[in-house]
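Below is one structure, written out as structure tokens, with a few remarks after it.
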Amino acid sequence: MWYRSASFILDRQHQQQNDTVTNPDSRPLSPSSSAMATENPNPSISMYYQTRAAHHGVVTSDWLAQAQAAVGGNSDDAVSDNCVSGGDEECKGFSVVDEFNNWRKQPDLAEAVAAIRALASVIRSSQATTMMELEIELKKASDSLKSWDTTSISLTAGCDLFMRYVTRTSALEYEDFNSAKSRLLERAEKFGEISYKARRIIAMLSQDFIFDGCTILVHGFSRVVLEVLRTAAQNKKLFRVFCTEGRPDRTGLRLSNELAKLDVPVKLLIDSAVAYSMDEVDMVFVGADGVVESGGIINMMGTYQIALVAKSMNKPVYVAAESYKFARLYPLDQKDMVPALRPIDFGVPIPSKVEVETSARDYTPPQYLTLLFTDLGVLTPSVVSDELIQLYL
Amino acid sequence: MDPRRVPRTVSDPKVRQVGFFAPAVPPDRPQSGPPDPGSTSPPLSDISPSSNSLSPVMIPPPRHLSTDLPRNFLHGPPLSPLRDPRAADSSIPVGSYNPSEFLSPSASTEFSEDPLSPRWGRRISSTGKFATSLPSGGIDVAVAKQNAVNLRRDVPDGGANTEMQKEKRATDAKPSKEKLGKAERRAIQEAQRAAKAAAKGEGNRTSAPAGSNPTNTGKSVKPVPQKKDNSSVAASERKSGDRQADKDRKKDVPQPRMQFDDENRVEKAKKRSVVKQTEARNRVELFRHLPQYEHGTRLPELEAKFFSLSPVHPAVFKVGLRYLAGDISGGNARCIAMLQAFQEAIKDYCTPPEKALIRDLTTKINGYVSFLIECRPLSISMGNAIRFLKTRVANLSLNLSESEAKTSLISDIDRFIGEKIILADKVIVKHAVTKIRDGDVLLTYASSSAVEMILEHAHELGKQFRVVIVDSRPKLEGQKLLRRLVGKGISCTYTHINAVSYVMHEVTRVLLGASSVLSNGTVYSRVGTACVAMVAHQFRVPVLICCEAYKFHERVQLDSICFNELGDPDAVSKVSGRKEINSLDGWANSENLRPLNLTYDATPSDYVSMIISDYGMIPPTSVPVIVREYGREHLWI
Numbered sequence: 001m002w003y004r005s006a007s008f009i010l011d012r013q014h015q016q017q018n019d020t021v022t023n024p025d026s027r028p029l030s031p032s033s034s035a036m037a038t039e040n041p042n043p044s045i046s047m048y049y050q051t052r053a054a055h056h057g058v059v060t061s062d063w064l065a066q067a068q069a070a071v072g073g074n075s076d077d078a079v080s081d082n083c084v085s086g087g088d089e090e091c092k093g094f095s096v097v098d099e100f101n102n103w104r105k106q107p108d109l110a111e112a113v114a115a116i117r118a119l120a121s122v123i124r125s126s127q128a129t130t131m132m133e134l135e136i137e138l139k140k141a142s143d144s145l146k147s148w149d150t151t152s153i154s155l156t157a158g159c160d161l162f163m164r165y166v167t168r169t170s171a172l173e174y175e176d177f178n179s180a181k182s183r184l185l186e187r188a189e190k191f192g193e194i195s196y197k198a199r200r201i202i203a204m205l206s207q208d209f210i211f212d213g214c215t216i217l218v219h220g221f222s223r224v225v226l227e228v229l230r231t232a233a234q235n236k237k238l239f240r241v242f243c244t245e246g247r248p249d250r251t252g253l254r255l256s257n258e259l260a261k262l263d264v265p266v267k268l269l270i271d272s273a274v275a276y277s278m279d280e281v282d283m284v285f286v287g288a289d290g291v292v293e294s295g296g297i298i299n300m301m302g303t304y305q306i307a308l309v310a311k312s313m314n315k316p317v318y319v320a321a322e323s324y325k326f327a328r329l330y331p332l333d334q335k336d337m338v339p340a341l342r343p344i345d346f347g348v349p350i351p352s353k354v355e356v357e358t359s360a361r362d363y364t365p366p367q368y369l370t371l372l373f374t375d376l377g378v379l380t381p382s383v384v385s386d387e388l389i390q391l392y393l
Numbered sequence: 001m002d003p004r005r006v007p008r009t010v011s012d013p014k015v016r017q018v019g020f021f022a023p024a025v026p027p028d029r030p031q032s033g034p035p036d037p038g039s040t041s042p043p044l045s046d047i048s049p050s051s052n053s054l055s056p057v058m059i060p061p062p063r064h065l066s067t068d069l070p071r072n073f074l075h076g077p078p079l080s081p082l083r084d085p086r087a088a089d090s091s092i093p094v095g096s097y098n099p100s101e102f103l104s105p106s107a108s109t110e111f112s113e114d115p116l117s118p119r120w121g122r123r124i125s126s127t128g129k130f131a132t133s134l135p136s137g138g139i140d141v142a143v144a145k146q147n148a149v150n151l152r153r154d155v156p157d158g159g160a161n162t163e164m165q166k167e168k169r170a171t172d173a174k175p176s177k178e179k180l181g182k183a184e185r186r187a188i189q190e191a192q193r194a195a196k197a198a199a200k201g202e203g204n205r206t207s208a209p210a211g212s213n214p215t216n217t218g219k220s221v222k223p224v225p226q227k228k229d230n231s232s233v234a235a236s237e238r239k240s241g242d243r244q245a246d247k248d249r250k251k252d253v254p255q256p257r258m259q260f261d262d263e264n265r266v267e268k269a270k271k272r273s274v275v276k277q278t279e280a281r282n283r284v285e286l287f288r289h290l291p292q293y294e295h296g297t298r299l300p301e302l303e304a305k306f307f308s309l310s311p312v313h314p315a316v317f318k319v320g321l322r323y324l325a326g327d328i329s330g331g332n333a334r335c336i337a338m339l340q341a342f343q344e345a346i347k348d349y350c351t352p353p354e355k356a357l358i359r360d361l362t363t364k365i366n367g368y369v370s371f372l373i374e375c376r377p378l379s380i381s382m383g384n385a386i387r388f389l390k391t392r393v394a395n396l397s398l399n400l401s402e403s404e405a406k407t408s409l410i411s412d413i414d415r416f417i418g419e420k421i422i423l424a425d426k427v428i429v430k431h432a433v434t435k436i437r438d439g440d441v442l443l444t445y446a447s448s449s450a451v452e453m454i455l456e457h458a459h460e461l462g463k464q465f466r467v468v469i470v471d472s473r474p475k476l477e478g479q480k481l482l483r484r485l486v487g488k489g490i491s492c493t494y495t496h497i498n499a500v501s502y503v504m505h506e507v508t509r510v511l512l513g514a515s516s517v518l519s520n521g522t523v524y525s526r527v528g529t530a531c532v533a534m535v536a537h538q539f540r541v542p543v544l545i546c547c548e549a550y551k552f553h554e555r556v557q558l559d560s561i562c563f564n565e566l567g568d569p570d571a572v573s574k575v576s577g578r579k580e581i582n583s584l585d586g587w588a589n590s591e592n593l594r595p596l597n598l599t600y601d602a603t604p605s606d607y608v609s610m611i612i613s614d615y616g617m618i619p620p621t622s623v624p625v626i627v628r629e630y631g632r633e634h635l636w637i
């Protein structure tokens, strides 16, 4: 009784969700899995996974539209409920979530940046007449954005940082409302610009670490890492890349595809071949969903074990992450996080009595990371908390 | 606007420059100026408080001595004074690996904006602090004014700007030398101090004539060559500056702790002391530097003294006696008791004729503190609280009346207790409870008030968890905790530290209190804590330290030897109530036997997963950040 681990709690959660979500359209990845969906009680998909899927092109966009329609239509789904109600409250001809979705359509724009842009436009179109009103409005908007996808760390962190950055200016008390508002807007746009450029900055910073003739192991598909590698290729660096397959959504395939287009020598590994090929690897490059207060990262499932293998073989592990992913979270262990669930297609029917671990991400503690490349500079893991303390306290 | 925010730009050499930011020098700065480092001074608008309010998009702080020096090393000796400012212009001081330094100039302009400016808002805040924190500011000003006349007269509008120029000058004047001479540095310090004094005096006036900058820089051209060439001026300056600087330095450096193996000082201390203590006969060699006294001999004697006239206030005397008897234990309890006793003492205090309250009260408090130290060595948290009180006393404005000063001090102490201890505990509880899940098995060692509150609160919230209380001889403090927790209906396991490796496998979280957290992340706590933390680490169980931020200390300690407290050696050799365990009876007569009863130990930060303080959940590596950001003045309010 005392020993119930968090995974049991998760199970209970998605059992409950299974009861409510029965629409098969929203789940399966491929026709084959939709065929087996009847036998296999598939877990529900977190919003996190859906956005990821949309951005990383794992599934076709019409599938996403379908899935979203299904989710939207399903009144039991708490997330979509929140989203709808958030939109209703805003009403008055303007909704953050709509704005956010607009921004999100740009394929290269990160979710958090889209949110930041959307929040900036909240300030722009606000009809508030006092600072307090504006701040409350902004707060509401960011809350509704956050509740749109509670599992996304970067979205939450981005919104929080935006609020911090924009509203924390001492000048506000002095000026009349209009100039204060324009000041806020200025700050908001600056922040948006910074976030937008972050990826580029990181790519520049990381170039010194990629030397000619090195072998880089990457895991999953991260746009920052791709940008880093692309810049390296453009700088005529000679290097090769090992891509993990990135099961179950095969994000590694996509990355290897992109790299092949850049004429970078690429080798594809199955996820379980990491240790096998680690001795050839000179450095590991991963992205991050979120960077937490301890300096560790939360990233796609499998990052932790790669970091462990790399550590035991004394290979550096570099993380490329924009600073808007810095979150005030402090997971103590793997189960100490908001779970993000995703469907897994095993290709064959799974007997109903067999449990499937459906978490989409894991936590890598800071002692396994070498450096973090962020738009604030190249940081050791312990500096992350320093930055966070300065931002939040 | 928050007054402490502004001035940090001006002189905080601790500003860490991570990331990108815009060059501090505005683009319209005349590049073809005379070879004068003074001209590198940023426009006044960068630093003056009033203009700051006009531009909330923070302009990054100008470069300082500390950041400039390394850059000089990187670039090698600059070719000419002209070269240096330009280098500062185009390079981004992230470090040598900054790509834009190597790629193209256009890249640097494209990306050289500060990424998350709110930091600057925070960083910009230490001169004001510094200036006010300096208790002897008034005296300093006068002396410094004298010393640095020849520097000051060239810079008519003084202010923060002057200081910038001086700093620039300091770095630029000797571009080819890798290090400034000791004397030069001192001279520069003097100059800065003078500038600060001027800034204080002239206040807002400095910010106004931002437009007059060119003329200003033109004037400040002169002193540079003068200073460079004419060493005699510098020398005379130095002479008078020396004494003052030395005095200051003495003030800055904390008094070394009393080493009890230093016979001279021990003798002196004995003469002063109220409590007459007999030294223990068999002192442990390794711990000779710590006070080792016969226990139990002091109490009756002191009690007899209670009604006699003594310089120590009765409230303080009482608290001291209770420390001695061991009635009050636990960091927070001891600290609160001490502060309340001081409150009493301040209430009854009246300034003797022809003495200033600030000075007299400080000496009084010093006397109380040394009495308390004689009763039991201070804990670090108490040291911090005393430091807070002393700064408060020193910062009292001179024109306050005595009763006003007293009420303000008393309310300060109340605020300290309320905010830094009681409220802090509530915040800690709030944070820690989020880390307790249903089904957890929590292990705690000995008795910590914060941990107890956490457990009780989690229980009130209806969380299902079990507690393992690990205890150890001779104090067996865990038993009281066990009693209270069981009384609340929490299911508990009680064991001694010998069994910790056995119980650890079923534990999911270790919650520990701390006497202090030092700035290298070392946790200084009840002896045995390190052992528990290490076992937990070996079993991969997260170790959470609950500690209020007022217990953080900037000291670094690597072991438990150089600073510790020794308890009564009898306590380890005798087991109360067990007559049959008597093999150590009469040990005191043996020459070769030296029992050791340590009170604290130091847990290295590697074994700590998280520190929960009133500033949130932070990794142990961030303790120095808290101490830095909120340190000194601010940490103790």
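Residue numbers (UniProt numbering), protein chains in the order written: chain G, 1 to 393; chain F, 1 to 637.
Glycine included, each C-beta is placed from N, C-alpha and C at the ideal position.
Does the CB of I389 of chain G have a neighbour CB from chain F at under 7 Å?
Within the first sequence, the letter at position 389 stands for residue 389 of chain G. It does: the Cβ of I389 of chain G has a partner Cβ on chain F nearer than 7 Å.
For chain G, check one thing: does any of its Cβ atoms lie closer than 7 Å to the Cβ of L461 of chain F?
One-based indexing of the second sequence puts residue 461 of chain F at position 461. L461 of chain F does not count as touching chain G.
Just to confirm, is the Cβ distance from I194 of chain G to D289 of chain G under 7 Å?
Position 194 of the first sequence, counted from the start, is the residue given in the question as residue 194 of chain G. Position 289 of the first sequence, counted from the start, is the residue given in the question as residue 289 of chain G. When the beta-carbon positions are compared, I194 of chain G and D289 of chain G stay at least 7 Å from each other.
So, is the C-beta of V625 of chain F closer than 7 Å to a C-beta in chain G?
Along the second sequence, one-based indexing puts residue 625 of chain F at 625. With its beta carbon less than 7 Å from one in chain G, V625 of chain F belongs to the interface.
P381 of chain G and L391 of chain G: beta carbons closer than 7 Å?
Position 381 of the first sequence, counted from the first residue, corresponds to residue 381 of chain G. Position 391 of the first sequence, counted from the first residue, corresponds to residue 391 of chain G. Cβ distance not < 7 Å, so P381 of chain G and L391 of chain G don't count as in contact.
Put K168 of chain F into one of helix, strand or coil per three-state DSSP.
Here residue 168 of chain F refers to the residue found at position 168 of the second sequence. Per-residue confidence for K168 of chain F stands at a pLDDT of 48, beneath the threshold of 50, marking its modelled position as unreliable; the derived number appears in the next sentence. Helix, per DSSP.
Alpha carbon to alpha carbon, how far is P248 of chain G from D345 of chain G? Give it in angstroms, no decimals.
As a position in the first sequence, residue 345 of chain G is number 345, starting the count at 1. As a position in the first sequence, residue 248 of chain G is number 248, starting the count at 1. Put simply, the backbone Cα of D345 of chain G is about 7 Å away from that of P248 of chain G.
Looking at chain F, which residues of the stretch 290-317 of chain G have a Cβ within less than 7 Å of any of its Cβ atoms?
When C-beta distances to chain F are compared with 7 Å, the residues of the stretch 290-317 of chain G below that value are E293, S294, G295, in chain order.
Grouping DSSP H, G and I as helix and E and B as strand, with all else coil, what is I612 of chain F?
For the purposes of this step, residue 612 of chain F is taken as residue 612 along the second sequence, with counting starting at 1. Reduced to three states, the DSSP call for I612 of chain F is strand.
Return the CA-CA distance between L389 of chain F and A341 of chain F, expressed in angstroms with no decimal places.
Position 389 of the second sequence, counting from 1, holds the residue named residue 389 of chain F. Position 341 of the second sequence, counting from 1, holds the residue named residue 341 of chain F. Each residue's alpha carbon lies about 12 Å from the other.
Taking the alpha carbon of K426 of chain F as the reference point, which residue from F:S613, F:S573, F:D440 has its own alpha carbon closest?
Residue numbering aside, residue 426 of chain F sits at position 426 when the second sequence is read from its first letter. The option with the nearest alpha carbon to K426 of chain F is F:S613.
Which bits of chain F does L332 of chain G rub up against, with CB to CB less than 8 Å?
Position 332 of the first sequence holds residue 332 of chain G. Within 8 Å Cβ-Cβ: K435, R509, P542, L544, S609, M610.
I'd like to confirm something about A536 of chain F: is its beta-carbon nearer than 6 Å to some heavy atom of the ligand NAP, or not?
As presented, the structure is devoid of all ligands, the ligand NAP included, so that no description of it is given.
I469 of chain F in three-state terms, based on DSSP:
By 1-based counting over the second sequence, the position of residue 469 of chain F is 469. Here I469 of chain F sits in strand by DSSP.
Going by DSSP, which residues form a beta bridge with D362 of chain G?
Residue numbering aside, residue 362 of chain G sits at position 362 when the first sequence is read from its first letter. Beta bridge pairing from DSSP links D362 of chain G with G:N299.
7 Å Cβ cut-off: residues of chain F touching D386 of chain G
Numbered from 1 along the first sequence, position 386 holds the residue referred to as residue 386 of chain G. The contacting residues are S622, V625.
Kindly indicate if chain F contains any beta-carbon less than 7 Å away from that of S154 of chain G.
Walking along the first sequence from the start, residue 154 of chain G turns up at place 154. Residue-level contact by beta carbon fails for S154 of chain G and chain F, as no gap is shorter than 7 Å.
Any chain G beta carbon closer than 7 Å to P105 of chain F:
Taking the second sequence and counting its residues from 1, one reaches residue 105 of chain F at position 105. Any reading at P105 of chain F is ruled out, since the residue's pLDDT is 42, under 50, leaving its predicted position unreliable.
Compare the beta carbon distance of P595 of chain F and V575 of chain F with 7 Å and say whether it is the shorter of the two.
Within the second sequence, residue 595 of chain F is the residue found at index 595, counting from 1. Within the second sequence, residue 575 of chain F is the residue found at index 575, counting from 1. Against a cut-off of 7 Å, the Cβ pair of V575 of chain F and P595 of chain F comes out as no contact.
From V122 of chain G to R104 of chain G, what distance separates their C-alpha atoms?
Locating residue 122 of chain G in the first sequence gives position 122, where the first residue counts as 1. Locating residue 104 of chain G in the first sequence gives position 104, where the first residue counts as 1. So the alpha carbons of these two residues sit roughly 16 Å apart.
Going by the CB atoms, is the gap between L376 of chain G and G294 of chain G shorter than 7 Å?
Counted from its first residue, the first sequence places residue 294 of chain G at position 294. Counted from its first residue, the first sequence places residue 376 of chain G at position 376. Contrary to the premise, residue 294 of chain G reads as Ser rather than Gly in this sequence. For S294 of chain G and L376 of chain G, no; Cβs fall outside 7 Å.
Any idea what DSSP makes of R437 of chain F, helix, strand or coil?
Position 437 of the second sequence, counting from 1, holds the residue named residue 437 of chain F. Three-state result, R437 of chain F: coil.
For I346 of chain F, which of F:A356, F:L361, F:P352 has the nearest alpha-carbon?
Within the second sequence, residue 346 of chain F is the residue found at index 346, counting from 1. Selected option, being the one with the closest Cα: F:L361.
Are there 16 or more other CB atoms within 10 angstroms of the CB of P542 of chain F, so buried, or fewer, so exposed?
In the second sequence, counting from the first residue as 1, residue 542 of chain F sits at position 542. Classification of P542 of chain F: buried, given that the 10 Å Cβ count is 16 or more.
Quick check: the stretch 259-269 of chain G against the stretch 351-361 of chain G, are there 3 or more CB pairs under 8 Å?
The stretch 351-361 of chain G and the stretch 259-269 of chain G do not touch, with fewer than three beta-carbon pairs separated by less than 8 Å.
Based on the DSSP output, what are the partners of T444 of chain F in its beta bridges?
Walking along the second sequence from the start, residue 444 of chain F turns up at place 444. Bridge partners of T444 of chain F: F:I469, F:L511.
Chain F within 7 Å of G220 of chain G, Cβ atoms only:
Numbered from 1 along the first sequence, position 220 holds the residue referred to as residue 220 of chain G. No - not a single Cβ of chain F is within 7 Å of the one on G220 of chain G.
At the level of alpha carbons, what is the spacing between D585 of chain F and I328 of chain F?
Taking the second sequence and counting its residues from 1, one reaches residue 585 of chain F at position 585. Taking the second sequence and counting its residues from 1, one reaches residue 328 of chain F at position 328. Between D585 of chain F and I328 of chain F, the C-alpha separation is close to 29 Å.
Ignore the nearest five residues each way along the sequence and tell me which others in V316 of chain F's own chain have a CB closer than 6 Å to its CB.
For the purposes of this step, residue 316 of chain F is identified with residue 316 of the second sequence, where counting begins at 1. Leaving aside the five residues that flank V316 of chain F on each side, the residues in its chain whose CB is nearer than 6 Å to its CB run, in chain order, A341, A345, Y368.
Can you grab the Cα-Cα spacing for the pair S401 of chain F / M338 of chain F, in whole Å?
Position 401 of the second sequence, counted from the start, is the residue given in the question as residue 401 of chain F. Position 338 of the second sequence, counted from the start, is the residue given in the question as residue 338 of chain F. A direct Cα-to-Cα measurement between S401 of chain F and M338 of chain F gives close to 25 Å.
Taking M617 of chain F as the query, report the chain G residues whose CB atoms sit under 7 Å from its CB, ordered along the chain.
Residue numbering aside, residue 617 of chain F sits at position 617 when the second sequence is read from its first letter. Near M617 of chain F (Cβ distances below 7 Å), the residues of chain G are E293, Y330.
Hey, is S182 of chain G's beta-carbon within less than 7 Å of any beta-carbon in chain F?
Position 182 of the first sequence holds residue 182 of chain G. Cβ-Cβ to chain F under 7 Å: no for S182 of chain G.
Do you know how far the Cα of D208 of chain G is from the Cα of T529 of chain F?
Numbered from its first residue, the second sequence carries residue 529 of chain F at position 529. Numbered from its first residue, the first sequence carries residue 208 of chain G at position 208. The C-alpha of D208 of chain G is placed about 43 Å away from the C-alpha of T529 of chain F.
What did DSSP end up calling K463 of chain F once you bin it into helix, strand or coil?
Locating residue 463 of chain F in the second sequence gives position 463, counting from the first residue. K463 of chain F falls in the coil class under three-state DSSP.
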